[in-house]
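Taking it in order: structure first as structure tokens, then the write-up.
Numbering (our numbering), first residue to last: 355 to 450.
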């Protein structure tokens, strides 16, 4: 029996990718480097509890307004931390 799990994904991914893209221009040292922006997204996602879904509508339908606001807040905090973390690592590498 073959099972296809390709539709299963972490619901936070899209929100983190959108937040990273939106905040990248405020971080000129990182904004021009797709690899560093991917690192920012990874750091942010690792700080968030994964929420697995199969369809975007599932996630939107089952969240209350309070849960949605809390999720947005956690994503914003995780992305802000991730930008700072990656910038600090880049600065440390430059000094070495």
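Cβ atoms here follow ideal geometry from the backbone N, Cα and C, with glycine treated the same way.
Here the structure is a predicted model, which means the values were calculated and not measured.
Bounding residues of the alpha helix (DSSP H) (the contiguous stretch that carries residue i)
i, result
"residue 390", "388-401"
"residue 384", "382-385"
"residue 436", "419-449"
"residue 376", "366-377"
"residue 362", "Here residue 362 belongs to no alpha helix (DSSP H), and DSSP marks it neither H nor E."
Sub-7 Å separation of residue i and residue j beta-carbons
i, j, result
"residue 378", "residue 390", "no"
"residue 369", "residue 440", "no"
Length of the line joining the Cα atoms of residue i and residue j
i, j, result
"residue 355", "residue 427", "41 Å"
"residue 400", "residue 435", "11 Å"
"residue 417", "residue 409", "13 Å"
"residue 387", "residue 380", "13 Å"
"residue 445", "residue 433", "18 Å"
"residue 443", "residue 360", "33 Å"
"residue 424", "residue 437", "20 Å"
Closer than 7 Å to chain B by CB, residue i
i, result
"residue 399", "In the structure shown, chain B cannot be found, because there is only a single protein chain."
> If you pair each beta-carbon of the segment 359-376 with each one of the segment 394-409, do three or more pairs fall below 8 Å?
Replying inline: Touching, per the Cβ criterion.
>> Closer than 8 Å is the cut-off here; do at least three beta carbon pairs connect the segment 363-370 with the segment 401-410?
In response: The segment 363-370 makes contact with the segment 401-410, as at least three CB pairs between them are under 8 Å.
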